Amino acid sequence: MNTKEYVEKVYNEVLKRNSGEDEFHQAVKEVLHSLIPVFEKHPEYVENGILERIVEPERQFIFRIPWVDDNGQVRVNRGFRVQFNNAIGPYKGGLRFHPTVNLSIIKFLGFEQILKNSLTGLPIGGGKGGSDFDPKDKSDREIMRFCQNFMTELYKYIGQDMDVPAGDIGVGGREIGYLFGQYKKLKSSYEAGVLTGKGLNYGGSLVRTEATGYGLVYFVDEMLKGKGISLQGKKVVVSGSGNVAIYAIEKLQELGAKVVACSDSNGYIYDENGINLDTVKRIKEVERKRIKEYVKYHKEAKYYEGCRSIWTIPCDIALPCATQNEINDEDAKGLIKNGVIAVGEGANMPSTLGAVDAFLKNGVLFAPAKAANAGGVAVSALEMSQNSIRYSWSFEEVDEKLKNIMKNIYDNSVKCAKEYGYEDNYVIGANIAGFLKVADAMMMQGIV
Ligand code: GLU
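Shown next as structure tokens:
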């Protein structure tokens with residue numbers, strides 16, 4: 000059997016064993032195909048079953064979360080934690096609260112997290128969790144009760160040296176606070192490093208809030224600089240208006256780019272003069288309202304119902320920062336036709352396989368999620384370091400570390416892409432760079 004057939008065989012096994020898990024299949028397919036040249040060069044990985052092992056989570060938990068809403072009604076949600084791989088450090092990855100959450104979504108995210116976390120160069124394994132709970136329109140007390148009941152089950156499986164959750168879609172500083180409060184109560188001990196994304200007054204790290212968005216822009220900036228292009232004056236469309244989008248917009252504006260659109264799950268706003276970020280922050284971070292409110296404060300801006308057509312806006316750079324598969328094959332074609340020069344993935348797997356292919360074939364500079372959005376989890380790992388030494392670094396210190404980490408990820412992705420004969424293909428470069436470290440650690444630790 001040649002290497003291609005071997006990889007195909009493993010992939011078919013994944014399809015059979017995890018039937019119906021489309022998002023998980025998609026994430027595995029992209030990575031496995033990138034790794035064909037690695038297995039050609041390193042037959043020892045094949046002999047030691049690295050591939051068969053890395054696509055199978057080490058442990059998975061699915062649990063019931065009963066809670067009582069404000070009307071005294073009993074509600075039941077489903078909770079998940081998938082501990083995918085701890086070859087290079089404790090399982091690490093966020094929790095997502097969204098009605099679309101199911102095992103496939105958590106597994107695709109957990110699988111991506113293994114390679115992403117490896118790329119940061121920091122000692123963190125891969126995991127992910129969450130619930131199909133919908134935080135939209137819930138009162139603060141309902142959110143608190145849900146988080147407490149979620150942690151009442153989850154606390155058995157996590158620990159600062161075992162598995163360290165954080166936020167993702169629907170889980171921000173407020174939720175992490177409630178989750179940490181309940182963990183502390185259940186354990187009767189103060190283990191700050193068990194969760195990241197904590198508040199600054201109880202063990203959080205400066206820059207953690209900004210990290211994913213800032214990191215994304217640092218990566219895209221490196222990628223453009225590599226081709227002699229500057230961000231200055233570039234027209235940018237950013238989807239989403241959550242934590243990743245907001246801080247990507249902040250850094251883009253700081254570096255002289257003009258962001259003309261952003262969105263939420265209901266629709267998007269277009270502001271030709273450039274988005275006013277203070278308004279977006281107030282609507283989303285303080286009032287927790289819908290993005291359409293924006294046009295009340297900025298008469299020149301327009302609101303469009305539905306999200307997909309955000310990608311029909313002509314732009315130089317597109318940063319999908321909302322959710323998986325938000326750019327499909329058609330959207331990609333439209334962006335290319337309108338002359339996009341770079342795409343940077345702030346969300347996890349926001350482009351379909353066909354869309355990625357189209358970008359690469361048409362010479363669009365493409366920054367894949369695993370590499371480009373790794374800044375969030377990287378600063379999470381720095382939060383763990385600070386918790387361990389019981390000390391806090393300044394904003395400038397953490398930001399400088401983040402910048403270096405993003406530059407290293409870019410350099411490593413470029414280097415690996417070149418080494419394996421795929422120059423300028425950062426998808427393959429990042430997958431290979433992330434994989435090699437984990438594979439070598441697995442080799443050294445034996446078949447476990
Ligand atoms: N949810 C983020 C991600 O997708 C961050 C995870 C973390 O900080 O652990 O990488």
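Using numbering that gives the first Met the number 0, you'd call the opening residue of the sequence shown number 0 and step up by one each time. Virtual Cβ for every residue (Gly too), placed ideally from N, Cα, C. None of these values were measured; they are calculated from a predicted model.
- According to the DSSP assignment, Lys137 belongs to no alpha helix (DSSP H), since it is labelled neither H nor E.
- Nearest C-alpha to Pro313 among Asn327, Glu292 and Asn337: Asn337.
- Judged by their CB atoms, Gly109 and Val81 are nearer to each other than the 7 Å cut-off.
- Met443 and Leu435 have their alpha carbons spaced roughly 12 Å apart.
- Residue pairing by DSSP places Arg74 opposite Trp66 in a beta bridge.
- In this structure, Ser384 is the residue among Gly375, Asn411 and Ser384 with its C-alpha nearest to the C-alpha of Gln159.
- With contacts defined by Cβ atoms closer than 7 Å, Tyr302 and Lys288 do not form a contacting pair.
- Going by C-alpha positions, Leu276 is about 19 Å away from Asn265.
- The residues Val426, Ile427, Asn430 and Ile431, in chain order, have a CB closer than 7 Å to that of Ser33 in the same chain once the five nearest residues on each side in sequence are set aside.
- Under the 10 Å beta carbon count, Asp21 is surrounded by fewer than 16 other beta carbons and is classified as exposed.
- With contact defined as three or more Cβ pairs closer than 8 Å, the region 197–211 and the region 396–415 are in contact.
- Here Ile309 really is in contact with Ser238; their C-beta atoms are around 6 Å apart, less than 8 Å.
- In the three-state reduction of the DSSP assignment, Glu325 falls in the coil class.
- For Glu395 and Ser204, the gap between their C-alpha atoms comes out near 12 Å.
- Here Ile316 carries a strand assignment [DSSP, helix/strand/coil].
- For Asp330, same chain residues with a beta-carbon under 7 Å away, outside a window of 5 residues either side, are Arg307, Trp310 and Ala354 in chain order.
- Selection Asp162, Arg173, Tyr201 and Glu4 evaluated against Val193 yields Asp162 as nearest (Cα-Cα).
- Exclusion of Val37 from the 6 Å shell around the ligand GLU follows from its C-beta lying no nearer than that to any non-hydrogen atom of the ligand.
- For Asn84, the three-state secondary structure derived from DSSP is strand.
- DSSP lists Gly129 as the bridge partner or partners of Arg95.
- Between Ile61 and Asn76, the CB-CB gap reaches or exceeds 7 Å.
- Per DSSP, the continuous alpha helix (DSSP H) segment holding Tyr217 begins and ends at Arg207 to Lys224.
- When DSSP states are grouped into helix, strand and coil, Gln112 belongs to the helix group.
- Straight through space, the alpha carbons of Asn70 and Ile142 are spaced by roughly 14 Å.
- Per DSSP, the beta bridge partners of Phe79 are Ile61 and Gly129.
- Here the region 124–140 does not lie against the region 357–374, with fewer than 3 beta-carbon pairs under 8 Å apart.
- Below 8 Å, too few C-beta pairs join the region 212–226 and the region 175–189 to call them touching: fewer than three.
- When DSSP states are grouped into helix, strand and coil, Val235 belongs to the strand group.
- Contact between the region 83–92 and the region 407–420 is absent: fewer than three C-beta pairs spanning the two stretches fall below 8 Å.
- By the CB criterion at 7 Å, Val13 and Leu50 fall outside the cutoff.
- Residues Leu215, Phe218, Gly343 and Glu344 of the same chain have their beta carbon placed closer than 6 Å to that of Ala371, with the five preceding and five following residues left out of the count.
- Under the rule that a run must span 3 or more residues, the beta strand (DSSP E) segments found entirely inside the region 335–370 read 341–343 and 364–366.
- Taking the Cα of Thr278 as reference, the smallest distance to any Cα among Tyr267, Ile168, Lys28 and His297 is reached at His297.
- Ala300 places its beta carbon 7 Å or farther from that of Cys320.
- Out of Val37, Arg144 and Leu318, the CA that lies nearest to the CA of Gln72 is found in Arg144.
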